[in-house]
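> Here it is, the structure in full.
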């Protein structure tokens, strides 16, 4: 990513967790930086070709802290336009223009909504059986979303 371009792209939304920060640019791109020990930056990626060859998240190396903003590659490659972000203590959640939610980071206490305690290094879409997500908020060990219909759900 061209850091000069990112520096001049309008920042639409910013959120800070315990040791990491994320910002959404007017282009719909999300940048993260800070501590990465529990995958809260979401900077890991596996291409389709690598997946077909059998590569999984278990094959990825340990996450590395970042001292400058970097784009989240999985979301950038998908072309999803991110509208908002919330950082918890060691997890992150975003919402796309289409109302889809993606989470990653520490899975402890079910933080990333995967139904288990596994850490998630690659952003994954939340299974949400209602209308799209309008707003999100992360606490230290939980997440809350407001649906487009005004329902509040927490985990």
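Numbering (my numbering), first residue to last: 19 to 173. Idealized CB from N, CA, C, for every residue including glycine.
To test your reading of the DSSP string, which unbroken alpha helix (DSSP H) runs of 4 or more residues are found completely within the region 21 to 54?
With a minimum length of 4 residues, the continuous alpha helix (DSSP H) runs that stay inside the region 21 to 54 are 21 to 26.
> Is DSSP giving residue 165 helix, strand or coil here?
Residue 165 falls in the strand class under three-state DSSP.
> What separation, rounded to the nearest whole angstrom, lies between the Cα atoms of residue 134 and residue 106?
Cα to Cα, residue 134 sits roughly 17 Å from residue 106.
> Tell me the rounded alpha-carbon separation between residue 49 and residue 55.
Spanning the two alpha carbons is a distance of roughly 17 Å.
> To the nearest angstrom, how far is it from the Cα of residue 94 to the Cα of residue 121?
The alpha-carbon atoms of residue 94 and residue 121 are separated by roughly 14 Å.
> Alpha carbon to alpha carbon, how far is residue 151 from residue 73?
Between residue 151 and residue 73, the C-alpha separation is close to 31 Å.
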